[in-house]
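At position 245 of the sequence shown (counting the first as 1) the number is 245 in full-length UniProt numbering, and the numbers step up by one without a gap. Note that CB positions come from ideal geometry on N, CA and C, so glycine has one too. A quick note: this is a predicted structure, and the numbers were derived from the prediction, not measured.
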Amino acid sequence: MTSLAQELRDLKSQLQIVEEIRSEWEKDKEWEEGMTDLVKDTKTKLVELFGQSLHRLERFDPGERAVEKVVKKIPSCLSFVIRGTRLPIQSAASSFYVSYENLSSVKYIPLLAREGVKHNVGGEGMRGGLLCGDVLHDLVCSSHPEHPKEKDRICVDVFEQLKKEGLLMKEDIRNHDLIYLSGAMDGLENFEPVLEVLLEKYPNQAGYLFQKNNAGITAFEELEENAIEEEIMQSINSILSPKCSFPILHHALVAVPKYRDLFQNWFPWAYSLKDHNGRSLHQAVLAADGNCVKDNISIFASMSDDQIRTKDPVNTLYPFAAVASGEEGDLQKCFYLLRRQPCVLDPWSTVVRHHDNPRNKRRERDHLRYYRSIAQYQK
């Protein structure tokens with residue numbers, strides 16, 4: 001049986017001859033029509049063969065560069081569907097989802113999405129098929145009975161690459177409920193390693209644990225409805241407590257204040273921590289909004305004199321100004337803080353005096369005039 005390599009060499013030689021004599025043989029219209037049909041049929045067959053092969057990448061694990069050459073020269077194969085609507089990128093994600101042995105198919109997803117965008121694979125706004133079907137869901141919901149963390153790290157690496165290339169947006173994690181699905185589909189056995197990796201990659205967003213979906217419900221609240229509360233908190237505790245350095249209360253008290261007692265009981269060591277902005281717990285609560293202060297009134301009421309005299313490191317407001325600002329501003333709480341520490345209105349007070357730059361001093365004088373006018377109006 002003749003090898004494929006030999007057949008390709010013979011075909012290449014024959015095509016070279018065809019190209020050389022084409023201008024002469026085109027005069028034979030029947031030959032020209034037959035050759036045109038043959039070329040079209042061959043191109044269609046190539047798309048079919050490579051398209052089908054892209055659905056089986058995990059079986060023979062070709063190099064990414066080889067796959068890139070194929071999809072650039074024969075881009076139509078990116079849109080070759082099986083089972084009615086299934087694209088190659090969906091098969092790559094599905095193979096990763098169901099496979100316990102071969103995890104190689106997932107590495108092709110960024111490449112397939114990147115090239116797919118150029119050719120509108122999946123339709124307008126589908127990012128080369130990345131948003132088609134269950135591609136993102138299959139990535140985040142995959143689990144491995146023996147090495148769950150290894151598979152989840154592979155998944156997060158793919159997310160990182162997609163994000164770097166502008167194919168994955170931060171809101172996708174919220175809009176597609178990815179952190180919720182990581183636990184809901186396979187239980188907390190899969191949720192814990194996914195959250196651990198997301199906390200490592202996105203610490204300032206608390207691993208998207210408190211990200212809200214389109215219905216305004218956080219991933220944590222979704223998990224609360226689908227798993228045992230004690231097990232959820234044990235999973236979070238097993239990740240955070242060994243180091244006791246993550247400001248979990250800053251996120252929880254702002255995002256899910258109705259669970260404040262639950263989080264305070266589990267993570268008492270987080271009271272004294274500061275977040276990535278340098279804010280203490282009470283500063284994070286005050287910076288959120290008036291409703292957050294109402295929901296965490298114990299944090300507000302327990303503020304020390306030093307805390308009342310300390311400016312927020314981000315917006316440079318004193319606590320009395322922070323609670324009075326915004327649509328939910330509360331003047332009653334504002335004057336309560338001023339009665340406790342009226343010295344914050346005096347820029348020359350020895351209690352709060354500091355060596356600010358001129359801009360901060362001007363801002364402080366503006367605040368002073370503003371709140372004195374409010375006090376006069378209240379009378």
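query                                                                                                   : result
Buried or exposed (CB count within 10 angstroms, at least 16 for buried), Cys155                        : buried
Straight-line gap, Arg153 to Ala66 (C-alpha atoms, nearest Å)                                           : 25 Å
Inter-residue Cα distance where the pair is Pro313 and Leu54                                            : 53 Å
Exposure of Lys27, with buried meaning 16 or more beta-carbon neighbours within 10 Å                    : exposed
Nearest-angstrom Cα separation, counted from His137 out to Thr42                                        : 36 Å
CB of residue 387 within 7 Å of CB of Cys244, strictly                                                  : The chain is shown only over 1 to 379; residue 387 falls outside these bounds and no answer can be derived.
Opposing strand residues paired with Lys164 [DSSP bridges]                                              : Looking at the DSSP assignment, Lys164 forms no beta bridge with any residue, so it has no partner.
Per-residue burial, residue 381 [other beta carbons within 10 Å of its own, 16 or more giving buried]   : Residue 381 lies beyond the residue range present for the chain, which begins at 1 and ends at 379; the question has no answer from this structure.
Integer-rounded CB distance, given that Lys274 should sit under 8 Å from Pro247                         : 7 Å
Distance CB(Gly290)-CB(Asp346) smaller than 7 Å                                                         : no
Gly116 versus Leu8 - alpha carbon distance                                                              : 28 Å
Residue burial classification, Lys379 (beta-carbon count within 10 angstroms, cutoff 16)                : Confidence is the limiting factor: at Lys379 the pLDDT is only 49, short of 50, which leaves the residue's position unreliable and the question unanswerable from this model.
Nearest residue (CA-CA) to Arg260, options Leu112, Gly326 and Ile297                                    : Ile297
Thr310 in three-state terms, based on DSSP                                                              : coil
Uninterrupted alpha helix (DSSP H) stretches inside the stretch 199 to 262 (no shorter than 4 residues) : 219 to 226, 229 to 240 and 248 to 255
Under the three-state DSSP convention, the category Arg114 falls into                                   : helix
Residues sharing a beta bridge with Arg279, DSSP                                                        : None, per the DSSP bridge assignment.
Bridge-paired residues (DSSP) for Arg86                                                                 : Ile82
Segment limits, alpha helix (DSSP H) that includes Phe60                                                : Leu57 to Phe60
Where Thr316 sits in the DSSP three-state scheme                                                        : coil
Candidates Val81, Leu46 and Ile82: closest to Lys73 by CA position                                      : Leu46
Buried or exposed by the 16-neighbour rule on C-beta atoms within 10 Å, applied to His355               : With a pLDDT of 43 at His355, under the threshold of 50, the modelled position of this residue cannot be trusted; read the value that follows with caution. Under this definition His355 is an exposed residue.
Coarse secondary structure for Thr42, derived from DSSP in three states                                 : helix
Proximity below 7 Å, CB of Ser95 to CB of Ser79                                                         : no
CA nearest to the CA of Asp157, picked from Glu171, Val135 and Leu139                                   : Leu139
For Gly216, the nearest candidate out of Asn175, Leu249 and Gly207 (CA to CA)                           : Asn175
Simplified DSSP state of Glu20, which is helix, strand or coil                                          : helix
As assigned by DSSP and simplified to three states, the class of Lys121                                 : It should be pointed out that residue 121 corresponds to Val in this sequence rather than to Lys. Coil, per DSSP.
As assigned by DSSP and simplified to three states, the class of residue 462                            : In the structure as shown, the chain starts at 1 and stops at 379, and residue 462 therefore has no counterpart that could be examined.
Nearest to residue 381 (by Cα), restricted to the options Lys118, Asn120, His119 and Phe159             : The question about residue 381 has no answer, for the chain in this structure spans 1 to 379.
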